[in-house]
Ligand SMILES: Nc1ncnc2c1ncn2[C@@H]1O[C@H](COP(=O)(O)OP(=O)(O)OP(=O)(O)O)[C@@H](O)[C@H]1O
Ligand SMILES: [Mg+2]
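Residue numbers (this note's numbering): 6 to 272.
As structure tokens, this is what we get:
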């Protein structure tokens, strides 16, 4: 049994959430408009939407990096007002500190909280081996490929066994093959850990492949246009799923929403 299986997934409740950015020079920007969303513990939810629709804003609100303009967010029934210890974040760029080796990057959240480093070293090693980076503790970020760096960023987000893992287009910058491998690894990791995942992407295929539920957002100001349950058995095999009529049906439904909203236009 993996030592990471202990973390139960967190429940998330978002009520009437809006975000208006107040800018000094120009008009205010409404990024999110009255979002309501309930996420079941341990589920994998993907959010897709056009560029600028407020996806990263939603993630920043959940991570308490910015305050909401209206509405409330609850994690396991508790309203959040500051970064929650149960929440781990993976950003689009890996955000590794170049002057720290792999181990010290993964242990950063532990140091910030003044937890015992020694206690978490073994866990860091386990995480590394689970993402295929056995023995990489002493490497420098500059010695790693983009995919490896993103794996280290995922380990750093998982070191505290977060009940909620927030991922903002984590594979956006990767080549197609590495991306495919990361998607498969993420699926395997999630089935081991059992945490709740909110995965932001503009890849419709990867959203459908990974998620229990795909939330489709409208162009700005972001609202929820479609909340689609993805009913396909797990573990999902890459080729089998991508060739299945069910997968293609889900992808088509999402594309139709984007076409109807003028997000995808034939030219
Ligand atoms: N700090 C900020 N100040 C003012 N406006 C902002 C700020 N951050 C984001 N915005 C605006 O809010 C809107 C939503 O931005 P956000 O980054 O959430 O979109 P996104 O869906 O993540 O886009 P992308 O897919 O391109 O990453 C955009 O119009 C953006 O310009
Ligand atoms: Mg974004």
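Glycine is no exception: its CB is placed at the ideal position from the N, C-alpha and C atoms.
Predicted, not measured: the structure shown is a model, and the values here were computed from it.
Proximity below 7 Å, CB of residue i to CB of residue j
i, j, result
"residue 255", "residue 235", "yes"
"residue 50", "residue 60", "no"
"residue 23", "residue 74", "yes"
"residue 217", "residue 136", "no"
"residue 122", "residue 113", "no"
"residue 110", "residue 161", "yes"
"residue 80", "residue 15", "yes"
"residue 168", "residue 91", "yes"
"residue 262", "residue 231", "yes"
"residue 142", "residue 108", "yes"
"residue 88", "residue 65", "no"
"residue 200", "residue 145", "no"
"residue 233", "residue 246", "no"
"residue 19", "residue 42", "yes"
"residue 58", "residue 224", "yes"
"residue 222", "residue 82", "no"
"residue 101", "residue 154", "yes"
Closer than 6 Å: residue i CB and nearest ligand 2 heavy atom
i, result
"residue 24", "no"
"residue 60", "yes"
Residues that DSSP places opposite residue i in a beta bridge
i, result
"residue 25", "35"
"residue 278", "The structure shown does not extend to residue 278, since the chain spans only 6 to 272, so no value can be given for it."
"residue 203", "50 and 171"
"residue 41", "Per DSSP, none; premise fails for residue 41."
"residue 19", "42 and 78"
"residue 234", "218"
"residue 1", "Outside the displayed span of the chain (6 to 272) sits residue 1, for which this structure offers no information."
Proximity test, residue i beta-carbon vs ligand 1 heavy atom, cut-off 6 Å
i, result
"residue 225", "yes"
"residue 20", "no"
"residue 34", "yes"
"residue 74", "no"
"residue 69", "no"
"residue 28", "yes"
"residue 56", "yes"
**Q.** Within the segment 122 to 179, ranges of the alpha helix (DSSP H) (whole runs, at least 4 residues)
**A.** Complete alpha helix (DSSP H) runs here, min 4: 122 to 135 and 151 to 163.
Q | Three or more C-beta pairs below 8 Å linking the segment 23 to 42 and the segment 165 to 175 | A | Touching, no.
Q) Counting only runs that start and end within the segment 55 to 136, where is the beta strand (DSSP E) found for 3 or more residues in a row? A) If you keep only unbroken beta strand (DSSP E) runs of at least 3 residues inside the segment 55 to 136, you get 75 to 80 and 92 to 95.
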